[in-house]
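Comments concern the structure below.
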Amino acid sequence: MFRTVASVLLASTALVGPSAFAQSTAAAAPAPIKAAPLSALVAPVNIPYEKFTLPNGLTVITHTDRKAPIVAVSVWYDVGSKHEPAGKTGFAHLFEHLMFNGSENAPGDFFDPLRSIGATDLNGTTSYDRTNYFETVPKPALDRALFLESDRMGYLLGAVTQGVLDEQRGVVQNEKRQGDNQPYGLVRYKMTEGIFPVGHPYRHSVIGSMADLDAASLDDVKNWFRGHYGPNNAVLVLAGDIDARTARPLVEKYFGAIPKGPESVLPRIDVPTLAAPVREEMKDRVAATMIMKVWPVPGLNDPEAPALDVAMTALGGLASSRLDNELVKRDKLAVQVSAGVQSLSQAGMIVVRAVVRPGVDAKLVEAKLDQIIADYLRTGPTADEVARVATTNVSGTISGLESVGGFGGKAVALAQGQLYSNDPGFYKKELTALATMTPDRARAAAQKWMLRPAYTLVVVPGAREGYEEAKAVPKVADNSAPAPAEGPAKGTRGAMPAVPDAGGQLQFPTVTRSRLANGMELVYAQRTAVPVTQVSLAFDAGIAADVPGKLGTAGMTMAVLDEGTTTRNSIALAEVKETLGMSIYGGNSADQTTIGFSTPSANLNSSALLFADVLRNPAFDPAEIERVRGQVLAQIGQQRTNPQGLADMALPPLLYGADSPYAKLAAGVGDPAAVASLTRGDLMAWRGAWLRPDKAKVFVVSDRPLAEVQAALNAGLGDWRATGPAGTKAFPPLRAVTTPKIVLIDRPDSPQSLIVAAQMTPLEAKTDTLAATTANTVLGSGFLSRINMDLREAKHWSYGAGGGYRLMQNAVPYVINAPVQADKTGPAIASLREQISGFLGKQGVTRVEFQRSIDGETRQLAGTYETAGAVLGAMQSNDFLGRPDNYQATLPQKYRALTIPQLDAAARRALDPNRFVYVVVGNAATVRPQLDALGLPVEVVAATPPSAPAAAAK
Numbered sequence: 001m002f003r004t005v006a007s008v009l010l011a012s013t014a015l016v017g018p019s020a021f022a023q024s025t026a027a028a029a030p031a032p033i034k035a036a037p038l039s040a041l042v043a044p045v046n047i048p049y050e051k052f053t054l055p056n057g058l059t060v061i062t063h064t065d066r067k068a069p070i071v072a073v074s075v076w077y078d079v080g081s082k083h084e085p086a087g088k089t090g091f092a093h094l095f096e097h098l099m100f101n102g103s104e105n106a107p108g109d110f111f112d113p114l115r116s117i118g119a120t121d122l123n124g125t126t127s128y129d130r131t132n133y134f135e136t137v138p139k140p141a142l143d144r145a146l147f148l149e150s151d152r153m154g155y156l157l158g159a160v161t162q163g164v165l166d167e168q169r170g171v172v173q174n175e176k177r178q179g180d181n182q183p184y185g186l187v188r189y190k191m192t193e194g195i196f197p198v199g200h201p202y203r204h205s206v207i208g209s210m211a212d213l214d215a216a217s218l219d220d221v222k223n224w225f226r227g228h229y230g231p232n233n234a235v236l237v238l239a240g241d242i243d244a245r246t247a248r249p250l251v252e253k254y255f256g257a258i259p260k261g262p263e264s265v266l267p268r269i270d271v272p273t274l275a276a277p278v279r280e281e282m283k284d285r286v287a288a289t290m291i292m293k294v295w296p297v298p299g300l301n302d303p304e305a306p307a308l309d310v311a312m313t314a315l316g317g318l319a320s321s322r323l324d325n326e327l328v329k330r331d332k333l334a335v336q337v338s339a340g341v342q343s344l345s346q347a348g349m350i351v352v353r354a355v356v357r358p359g360v361d362a363k364l365v366e367a368k369l370d371q372i373i374a375d376y377l378r379t380g381p382t383a384d385e386v387a388r389v390a391t392t393n394v395s396g397t398i399s400g401l402e403s404v405g406g407f408g409g410k411a412v413a414l415a416q417g418q419l420y421s422n423d424p425g426f427y428k429k430e431l432t433a434l435a436t437m438t439p440d441r442a443r444a445a446a447q448k449w450m451l452r453p454a455y456t457l458v459v460v461p462g463a464r465e466g467y468e469e470a471k472a473v474p475k476v477a478d479n480s481a482p483a484p485a486e487g488p489a490k491g492t493r494g495a496m497p498a499v500p501d502a503g504g505q506l507q508f509p510t511v512t513r514s515r516l517a518n519g520m521e522l523v524y525a526q527r528t529a530v531p532v533t534q535v536s537l538a539f540d541a542g543i544a545a546d547v548p549g550k551l552g553t554a555g556m557t558m559a560v561l562d563e564g565t566t567t568r569n570s571i572a573l574a575e576v577k578e579t580l581g582m583s584i585y586g587g588n589s590a591d592q593t594t595i596g597f598s599t600p601s602a603n604l605n606s607s608a609l610l611f612a613d614v615l616r617n618p619a620f621d622p623a624e625i626e627r628v629r630g631q632v633l634a635q636i637g638q639q640r641t642n643p644q645g646l647a648d649m650a651l652p653p654l655l656y657g658a659d660s661p662y663a664k665l666a667a668g669v670g671d672p673a674a675v676a677s678l679t680r681g682d683l684m685a686w687r688g689a690w691l692r693p694d695k696a697k698v699f700v701v702s703d704r705p706l707a708e709v710q711a712a713l714n715a716g717l718g719d720w721r722a723t724g725p726a727g728t729k730a731f732p733p734l735r736a737v738t739t740p741k742i743v744l745i746d747r748p749d750s751p752q753s754l755i756v757a758a759q760m761t762p763l764e765a766k767t768d769t770l771a772a773t774t775a776n777t778v779l780g781s782g783f784l785s786r787i788n789m790d791l792r793e794a795k796h797w798s799y800g801a802g803g804g805y806r807l808m809q810n811a812v813p814y815v816i817n818a819p820v821q822a823d824k825t826g827p828a829i830a831s832l833r834e835q836i837s838g839f840l841g842k843q844g845v846t847r848v849e850f851q852r853s854i855d856g857e858t859r860q861l862a863g864t865y866e867t868a869g870a871v872l873g874a875m876q877s878n879d880f881l882g883r884p885d886n887y888q889a890t891l892p893q894k895y896r897a898l899t900i901p902q903l904d905a906a907a908r909r910a911l912d913p914n915r916f917v918y919v920v921v922g923n924a925a926t927v928r929p930q931l932d933a934l935g936l937p938v939e940v941v942a943a944t945p946p947s948a949p950a951a952a953a954k
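My numbering applies: residue 1 is where the sequence shown begins, and numbers increase by one.
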């Protein structure tokens with residue numbers, strides 16, 4: 001089952017394929033697959049760095065990577081939720097937000113000056129152990145990025161006012177509501193509370209409690225900053241088109257005058273052992289029971305940490321895991337399983353999960369889960385399992401280190417090594433430990449910690465038993481002087497550094513078109529930053545090609561496609577993929593079906609042959625079909641307990657009309673009645689009509705030359721020919737006209753409402769839409785859009801809101817997504833209508849907004865297309881939209897040629913403020929009275945039951 005199909009379940013890894021049980025299809029002897037030795041994969045993993053420390057204690061690490069004219073700036077502070085005392089939970093995360101709201105010499109939102117310089121991978125995060133801020137900027141903008149980061153480190157508190165605190169408190173509380181509102185959303189609190197005793201630094205959640213956030217005073221948060229955010233408690237990493245010689249004077253210039261602060265003190269953290277097993281049960285509005293078992297374990301620096309990681313990956317983290325072997329594949333008791341270690345700096349958690357197959361007794365599943373764990377602790381992983389864990393992890397590490405910054409690039413590896421282990425090169429020690437791991441060491445570590453009492457949580461379907469809401473915070477007089485709108489607040493550091501216009505400095509690779517031996521077009525680009533090859537086949541199919549009356553056929557076919565071939569059953573297939581360090585992925589968009597793979601280039605030939613086997617020779621084993629059917633039905637149920645899933649099902653008939661193939665999108669993962677009755681013949685017929693070479697194009701980004709890639713693909717696909725009639729799609733000549741109204745989907749116990757507003761536009765996807773999409777950077781796209789700034793920053797009713805165009809082959813709708821706190825649902829819709837009407841009326845694009853958008857869109861191009869994955873996506877998008885292969889290289893000139901009147905006119909041609917239809921998912925008892933005052937018809941419907949037939953199943 002492709003991982004994308006399982007994404008509507010829990011955030012844990014979707015797993016497939018055991019390795020110890022026979023399957024019903026007798027497979028012929030497969031062709032031998034050769035894999036490069038693990039040492040050959042590990043050898044290229046290297047991040048050279050230089051390190052120095054300023055007199056004020058700031059640790060600085062630089063890494064040079066000249067592949068693009070960009071620099072990743074990453075600042076890690078040694079402060080996380082573990083440092084928070086009782087009564088002040090959530091302070092570290094709250095301050096992460098406050099530090100984005102301007103500083104004394106850079107007043108206003110930090111996203112504004114960062115947007116205009118073209119920053120990418122821009123964000124901040126808080127964990128139990130640390131807070132970090134990061135952005136990747138064009139090299140000419142490095143001075144400004146360092147000015148901003150140093151200003152919020154050393155010159156922040158004058159800009160933190162009562163109004164700013166109240167604003168970000170509200171935003172954080174809506175972030176909490178948004179997470180809590182998801183199925184299983186309250187599990188994260190139970191998990192740590194179940195294994196860590198009262199007073200333990202890892203017991204409370206990172207986001208904190210509503211009560212503590214309510215109680216935070218201005219003095220509280222300022223004192224929190226003074227105690228933790230000095231340069232001596234921070235690590236600054238600069239990675240990219242930079243070197244230490246260039247970096248040092250810049251860092252000294254911007255950070256050198258910041259005085260030391262108090263030293264951050266690591267809290268005392270012991271790894272607890274429960275006195276006896278603990279078991280709890282909680283109810284939630286979920287479609288399937290989940291069983292979770294948790295054990296406390298040592299932190300990431302402990303010598304046993306690598307062994308625990310390997311042991312848990314073999315148990316439940318591989319596509320051929322032990323848990324999947326028995327619970328999912330053989331006994332069909334669960335639809336999803338996982339096991340892994342959440343490694344923290346000073347402790348960690350082993351977490352084992354099983355989502356019970358609907359209709360199966362959860363007690364039976366739990367007993368079987370306990371038995372599997374006991375057997376595994378007795379025998380441990382095999383040498384082959386350990387080797388496959390190592391190869392899989394190393395392969396993922398190689399791919400992740402292509403980026404210089406962001407959430408998981410080279411700057412992250414260096415920073416976390418320094419902060420957690422006092423060694424920027426700690427990643428190498430981890431890889432060495434992984435490559436030299438033995439089964440005995442993995443088994444011994446698992447026995448040591450998992451033979452201790454566990455905390456067990458069982459989540460069962462039912463109404464939630466109460467929810468901690470925020471209380472109204474009394475208004476506090478804000479006597480602090482507001483920062484000026486422009487220029488330095490106190491004149492202490494001078495003006496913010498200017499950024500020269502370097503024209504985007506985009507280095508988009510040359511795209512070459514050729515063909516495979518069977519005539520399939522091959523679209524290729526070379527990127528040599530990492531030794532990885534990515535291949536994607538795009539088929540003219542998608543959800544629009546699903547079978548009327550049997551909605552879910554397309555999804556079910558994709559789910560079974562990689563569950564075994566005529567020469568390898570699903571067990572053998574999963575094991576070979578892991579041996580190669582290869583991942584195969586696939587999924588359906590509205591218009592296309594995509595199947596592809598990523599592999600270390602050392603294994604390109606073998607991976608290409610295996611991919612061809614999956615594509616050309618799927619077994620569609622009846623036993624596998626039945627097993628996957630149960631998983632897909634469970635996914636359908638989960639989608640129908642999720643706010644976004646419910647909205648996604650309700651919107652298509654309103655937007656596209658019942659006669660459009662796009663109305664099939666309303667079935668979501670599929671119509672449960674249809675999925676329950678699909679036959680092997682149905683799946684084979686859909687594959688034969690749609691997944692065929694005459695409907696496909698091949699897109700490749702690789703470090704290997706075109707000739708080598710072409711030869712590897714020809715070996716398995718060169719003689720692949722289409723047989724039988726091809727499928728066709730028919731769209732009505734006229735697009736549907738939406739009737740403005742509000743459809744309220746009643747979802748009780750919802751602390752938030754999800755608002756989805758949409759309308760069909762007259763745009764054509766294959767025409768020039770640049771003016772319309774650029775205008776939308778002002779209205780709905782990005783943090784600084786009017787919609788987000790209004791609902792999040794001005795009103796703090798939402799954690800984030802926005803809207804954009806969906807460029808489909810035969811329709812271009814405009815869709816807005818706005819999760820808001822439940823008691824502000826009606827006012828939020830009114831505010832949306834006001835913002836849209838103003839933008840499309842007399843309050844169009846301003847000069848400031850225009851310049852910021854044009855500068856940002858142009859300057860961010862180098863960072864946007866830094867990675868091979870981004871280039872591959874652009875190549876596919878260009879082809880789908882009929883754009884030239886060098887389209888990205890033409891963008892700087894296109895952006896600079898736009899004018900404000902062009903943007904206003906494009907937006908007004910595309911959108912009508914009075915033609916939106918609204919879908920609201922929330923608690924009708926709370927929300928309905930708010931909606932009645934808006935002047936639109938309101939239709940209230942119950943949330944679709946998990947097993948009900950799809951409304952659009954025709």
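No residue lacks a Cβ here, since even glycine has one placed at the ideal position from N, Cα and C. Being a predicted model, the structure only gives us computed values, none of them experimental.
Q. Assuming L333 and K368 make a contact with CB atoms under 8 Å, what is their CB distance in whole Å?
A. To locate residue 333, count along the sequence shown from 1; it is residue 333. To locate residue 368, count along the sequence shown from 1; it is residue 368. Going by Cβ atoms, the distance from L333 to K368 rounds to 6 Å, so yes, they are a contact pair.
Q.
Can you find the residues in the same chain that come closer than 7 Å, C-beta to C-beta, to P740, ignoring five residues on each side of it along the sequence?
A. Start at 1 with the first residue of the sequence shown, and residue 740 comes out as number 740. N914, R915, F916, V917, L936.
Q) Do L604 and A390 have their CB atoms nearer than 8 Å? A) For this step, residue 604 is matched to residue 604 along the sequence shown. For this step, residue 390 is matched to residue 390 along the sequence shown. The answer is no: Cβ separation not under 8 Å.
**Q.** Nonlocal neighbours in the same chain, by C-beta distance under 6 Å from A415, ignoring five residues either side
**A.** For this step, residue 415 is matched to residue 415 along the sequence shown. Closer than 6 Å at the Cβ level, and outside the excluded window around A415, lie S74, W76, V235, V237.
(Q) To the nearest angstrom, how far is the alpha carbon of V848 from that of T858? (A) For the purposes of this step, residue 848 is taken as the residue at position 848 of the sequence shown. For the purposes of this step, residue 858 is taken as the residue at position 858 of the sequence shown. Answer to the nearest angstrom: the Cα atoms are 16 Å apart.
Q | Reference L717; option with closest CA among K766, L615, A801, Q752 | A | For the purposes of this step, residue 717 is identified with residue 717 of the sequence shown, where counting begins at 1. If we check each option's Cα against that of L717, L615 comes out closest.
Q. Assuming M959 contacts A765 under a Cβ cut-off of 8 Å, what Cβ separation, rounded to an integer in Å, is found between them?
A. Here the chain covers residues 1 to 954 and nothing more, so residue 959 does not appear.
Q: Taking R568 as the reference, give the member of R388, A619, P69, A40 with the closest Cα.
A: Looking up residue 568 in the sequence shown gives position 568. Cα-wise, what sits closest to R568 is A619.
Q.
Considering only their Cβ atoms, is the gap separating T289 from A362 smaller than 8 Å?
A. Sequence index remark: in the sequence shown, residue 362 carries index 362 (1-based). Sequence index remark: in the sequence shown, residue 289 carries index 289 (1-based). A contact, by the Cβ cut-off of 8 Å.
Q) When DSSP labels each residue in this structure, what does G487 get in the three-state scheme? A) Taking the sequence shown and counting its residues from 1, the one referred to as residue 487 is at position 487. With a pLDDT of only 36 at G487, under 50, the local geometry of the prediction cannot be trusted, and no value is derived from it.
Q. Smallest Cα separation from D212: which of P267, H93, D121, G230?
A. Here residue 212 is taken as the residue at index 212 of the sequence shown, counted from 1. Selection P267, H93, D121, G230 evaluated against D212 yields H93 as nearest (Cα-Cα).
Q) What runs of the beta strand (DSSP E), each 3 residues or longer, lie entirely inside the segment 812 to 857? A) 813 to 821
Q. Is D768 buried or exposed, if buried means 16 or more other CB atoms sit within 10 Å of its CB?
A. Taking the first residue of the sequence shown as 1, we reach residue 768 at position 768. Under this definition D768 is an exposed residue.
Q. Is DSSP giving A433 helix, strand or coil here?
A. Counting from 1 along the sequence shown, the entry for residue 433 is found at position 433. Reduced to three states, the DSSP call for A433 is helix.
Q: Would you list, in sequence order, the uninterrupted alpha helix (DSSP H) runs of no fewer than 4 residues that lie entirely inside the segment 66 to 132?
A: 91 to 98, 111 to 116
Q: Let me know the secondary structure DSSP gives N923 once reduced to three states.
A: For the purposes of this step, residue 923 is taken as residue 923 along the sequence shown, with counting starting at 1. DSSP, read as helix, strand or coil, puts N923 in coil.
Q: Could you pull out every residue in the same chain whose Cβ sits closer than 7 Å to the Cβ of T944, ignoring the five residues on either side in sequence?
A: Along the sequence shown, read from residue 1 onward, the residue named residue 944 stands at position 944. Exclusion of the five residues before and after T944 leaves R640, L646, M649 as the residues of its chain whose Cβ lies within less than 7 Å of its Cβ.
Q | Sequence ranges, beta strand (DSSP E) only - wholly within the segment 853 to 927, length at least 3 | A | 917 to 922
**Q.** Environment of F539 [buried if 16+ CB atoms lie within 10 Å]
**A.** For this step, residue 539 is matched to residue 539 along the sequence shown. Under this definition F539 is a buried residue.
Q: Go ahead and label K253 buried or exposed: buried means 16 or more other beta carbons lie within 10 angstroms of its beta carbon, across all protein chains shown.
A: Taking the sequence shown and counting its residues from 1, the one referred to as residue 253 is at position 253. Exposed, by the Cβ-count rule.
Q: Tell whether a beta-carbon distance below 8 Å holds between I745 and I829.
A: As a position in the sequence shown, residue 745 is number 745, starting the count at 1. As a position in the sequence shown, residue 829 is number 829, starting the count at 1. Not in contact: I745 and I829 (Cβ atoms no closer than 8 Å).
Q. From Q752 to P85, what does the alpha carbon distance come to, in whole angstroms?
A. Taking the first residue of the sequence shown as position 1, residue 752 is located at position 752. Taking the first residue of the sequence shown as position 1, residue 85 is located at position 85. Their Cα atoms are separated by approximately 29 Å.
Q. Which of helix, strand or coil does DSSP assign to W797?
A. If you number the sequence shown from 1, residue 797 lands on position 797. Coil at W797, not helix or strand.
Q | Where the alpha helix (DSSP H) containing K329 begins and where it ends | A | Reading the sequence shown from its first residue, position 329 is the one you call residue 329. Counting along the chain, K329 falls outside any alpha helix (DSSP H), and DSSP gives it neither H nor E.
Q: In angstroms with no decimal places, state the Cα-to-Cα distance between L250 and F147.
A: Against the sequence shown, residue 250 aligns to sequence position 250. Against the sequence shown, residue 147 aligns to sequence position 147. Rounded to the nearest angstrom, the two C-alpha atoms are 9 Å apart.
Q: Output the distance between the C-alpha atoms of G380 and D440, rounded to the nearest integer angstrom.
A: Working through the sequence shown from its first residue, we reach residue 380 at position 380. Working through the sequence shown from its first residue, we reach residue 440 at position 440. Approximately 7 Å between the Cα atoms of the pair.
Q) Could you give the C-beta distance for P661 and F731, rounded to a whole number, given that I count them as a contact under 8 Å? A) The residue labelled residue 661 in the question sits at position 661 within the sequence shown. The residue labelled residue 731 in the question sits at position 731 within the sequence shown. About 6 Å separates the two Cβ atoms, so the contact holds.
Q. So G163 is in the alpha helix (DSSP H); what residue range does that whole segment cover?
A. Within the sequence shown, the letter at position 163 stands for residue 163. Residues 162 to 180.
Q.
For the structure I just gave you, are there three or more beta carbon pairs, one from the segment 677 to 695 and one from the segment 523 to 542, closer than 8 Å?
A. yes
**Q.** Cut-off 7 Å between Cβ atoms - residues of its own chain near S853, not counting five sequence neighbours on either side
**A.** Here residue 853 refers to the residue found at position 853 of the sequence shown. Excluding positions up to five away in sequence, the list reads T774, T777, V778.
Q) Measuring CA to CA, which of R378, R909, V820 is closest to N174? A) Working through the sequence shown from its first residue, we reach residue 174 at position 174. Cα-wise, what sits closest to N174 is V820.
Q | Under the three-state DSSP convention, the category N810 falls into | A | Locating residue 810 in the sequence shown gives position 810, where the first residue counts as 1. Coil at N810, not helix or strand.
Q) In terms of alpha-carbon separation, which member of V60, K894, L713, I291 lies closest to G417? A) The residue given as residue 417 occupies position 417 in the sequence shown. Among V60, K894, L713, I291, the Cα nearest to that of G417 is on V60.
(Q) Measuring alpha carbon to alpha carbon, tell me which residue in G519, V206, T161 is nearest V697. (A) Counted from its first residue, the sequence shown places residue 697 at position 697. Looking at the sequence itself, residue 697 is Lys, so the reference to Val does not match. Nearest of G519, V206, T161 to K697, Cα basis: G519.
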